[in-house]
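For reference, the structure is listed below as structure tokens.
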Amino acid sequence: MKALILAGGFGTRLRPLSCTRPKTLFPIVNKPLLQWIFEQLARSDIKDAILAVNMQTEFYIKKQRIPKSGLRIRYSIDPPKTPLGTAGPIKKAEKLLDNAEPFLVLNGDIFAYVNYEEIVAKHRETNALATIALCEVEDPSRYGVAEITKEGLVKRFVEKPAKGTAPTNLINAGIYVLSPEVLSYIPKGRAVSMEREVFPKLAGEGKLYGHVISGVWKDIGNPEEYLQTNKIILDTLAKTQKVCAAGKFEIRQPVALDKGISIGENSVIGPYAILGKNVTVGKNVQIRDSVIFPDAQIDDYTMIEGAIIGEAVTIGKKAKISIGCIVADQAKIKDGVSLAEGTAVCPAKEVSENHLRANIIF
Ligand code: GDD
Ligand code: MG
18 MKALILAGGF GTRLRPLSCT RPKTLFPIVN KPLLQWIFEQ LARSDIKDAI
68 LAVNMQTEFY IKKQRIPKSG LRIRYSIDPP KTPLGTAGPI KKAEKLLDNA
118 EPFLVLNGDI FAYVNYEEIV AKHRETNALA TIALCEVEDP SRYGVAEITK
168 EGLVKRFVEK PAKGTAPTNL INAGIYVLSP EVLSYIPKGR AVSMEREVFP
218 KLAGEGKLYG HVISGVWKDI GNPEEYLQTN KIILDTLAKT QKVCAAGKFE
268 IRQPVALDKG ISIGENSVIG PYAILGKNVT VGKNVQIRDS VIFPDAQIDD
318 YTMIEGAIIG EAVTIGKKAK ISIGCIVADQ AKIKDGVSLA EGTAVCPAKE
368 VSENHLRANI IF
């Protein structure tokens, strides 16, 4: 069976970090999300994956050289300046997909432990043209919502219903099995939404089924969800991970430290601190509830709490980075700078003054 991974969205809710990195390349406990996806596909005995991207995401994904877990990887690229939505890219990849067998479609910004074979089995049991993995969430308004019968037939599918109007709490997990016939439901050469055009039509014809999944499921589409996903995975990995770093600093588990990290005296790392490759941390630094991407440098007496710090960011001495801050790649935060909760700093920006109210620093 083949899999198509949708990875050509714009990650607007993760800006400005997503200006230089597609969502699917965001590290989850020091491993790009896409690598987790490849590993999971390989475990389900899938051999072929098609990445539905745009020119920019193709560039970044190729640059990252993610281990392929034995999969054959091919790219299908949206036309320049014409994003095809969530269904258009599937139509565009028609020739690369099997035209006799059902195939798997995955949103590239989802972290999930899912048994794909279970969804395929459900798909084969019914007369479905499409079977969606469904999971239960508290607030379904940010997702696609399905109303199903006992047998799993989707009676109604509504994308992002207004708060309080969702018919159920069962949402589209962004994992589907599609029969090749679905391709004829997708018009060619324009942006098409799977969720707003194709699924409602299939539901109306009684050809759409759902399969409820349980276990870890997260959309990393916004900063809180991204940090939360890292926390959840850290919690499950913590039991097996050892911290190899040694020195006169304190580690408060759970933490994850990649290779080549140095940490100065009296610094306190954790709980819930994830430090990427070659991060350097000075003396008397405190980092908690945060993800620090590779090659960042954090100088003495700085405090970072509940933030995401991009690749090769430098942070001076006695800086304070508060909850909800996002500092994009290569930015420079100078000595003594405080950033208010929820501040976002654009890529390569130098910040030398305090920002006491949340805003975006261009
Ligand atoms: N190639 C390509 N081209 N990919 C795209 C495009 C495009 O124009 N637009 C979006 N994508 C990719 C995104 O990169 C992402 O992996 C996936 O399609 C879904 O798009 P999002 O923008 O992340 O959608 P969402 O999170 O608001 O909603 C979707 O996911 C929810 C689950 O997290 C919907 O499928 C919902 O129904 C679902 O519940
Ligand atoms: Mg999403």
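Numbering (the working numbering), first residue to last: 18 to 379.
Note that beta-carbon positions come from the ideal geometry of N, C-alpha and C, so glycine has one too.
Is DSSP giving residue 61 helix, strand or coil here? coil
Going straight from the alpha carbon of residue 42 to that of residue 244, what length do you get? 14 angstroms
Flag residue 101 as yes when its Cβ comes closer than 8 angstroms to any non-hydrogen atom of the ligand GDD, and as no otherwise. yes
What ranges does the beta strand (DSSP E) occupy inside the region 179 to 228, keeping only unbroken runs of at least 3 residues that lie completely in it? 187 to 195
Please specify which runs of the alpha helix (DSSP H), each continuous and at least 4 residues long, are wholly inside the region 296 to 362, giving them in chain order. none
Kindly indicate which three-state DSSP category residue 19 falls into: helix, strand or coil? strand
Pick out whichever of 155, 69, 176 has its Cα sitting closest to the Cα of residue 163. 176
When you compare only the Cα positions, how much space is there between residue 292 and residue 309? 5 angstroms
For residue 93 and residue 328, the rounded distance between their alpha carbons: 27 angstroms
Residue 51: CB within 8 angstroms of a non-hydrogen atom of the ligand GDD: no
Residue 40 Cβ short of 8 angstroms to the ligand MG heavy atom set: yes
Coarse secondary structure for residue 54, derived from DSSP in three states: helix
How many Å lie between residue 137 and residue 339 at the Cα? 44 angstroms
Contact set, the ligand GTP heavy atom to C-beta under 5 angstroms: Of the ligands one can find in the structure shown, namely the ligand GDD and the ligand MG, none is the ligand GTP.
Is residue 187 near the ligand GDD, judged by its Cβ being under 8 angstroms from some heavy atom? no
Measuring only the C-alpha atoms, how far is residue 83 from residue 127? 17 angstroms
Would you say the beta carbon of residue 265 is closer than 8 angstroms to some non-hydrogen atom of the ligand GDD? no
Beta strand (DSSP E) segment containing residue 92, residue limits: 89 to 94
Between the beta-carbon of residue 192 and the beta-carbon of residue 249, is there less than 9 angstroms? no
Quick check: does the Cβ of residue 218 come within less than 8 angstroms of any heavy atom belonging to the ligand GDD? no
Residue span of the beta strand (DSSP E) that contains residue 148, given as start and end: 147 to 153
Identify which residue in 187, 56, 38, 285 has its Cα closest to the Cα of residue 77. 38
State the start and end residues of the unbroken alpha helix (DSSP H) segment that holds residue 136. 133 to 142
Please report the residue range of the beta strand (DSSP E) in which residue 176 lies. 171 to 176
Out of 379, 174, 247, state which residue places its alpha-carbon closest to the alpha-carbon of residue 212. 174
Going by DSSP, name the residue or residues bridged to residue 279. 297
According to DSSP, is residue 267 helix, strand or coil? strand
Buried or exposed (CB count within 10 angstroms, at least 16 for buried), residue 252: exposed
How far does the beta strand (DSSP E) with residue 164 in it extend, from its first residue to its last? 161 to 165
By alpha-carbon positions, which one of 363, 40, 182, 21 ends up nearest to residue 105? 21
Based on DSSP bridge pairs, tell me the residues matched to residue 48. 45
CA-CA distance, residue 45 and residue 319? 24 angstroms
For residue 63 and residue 347, what's the separation of their Cα atoms in angstroms? 37 angstroms
Counting beta carbon pairs with one atom in the region 143 to 160 and one in the region 183 to 203, are three or more of them shorter than 8 angstroms? yes
Ends of the beta strand (DSSP E) at residue 7? No information on residue 7 is available, as it lies outside the stretch 18 to 379 that the chain covers here.
Taking 8 angstroms as the line, does the beta carbon of residue 212 fall inside it for any heavy atom of the ligand GDD? yes
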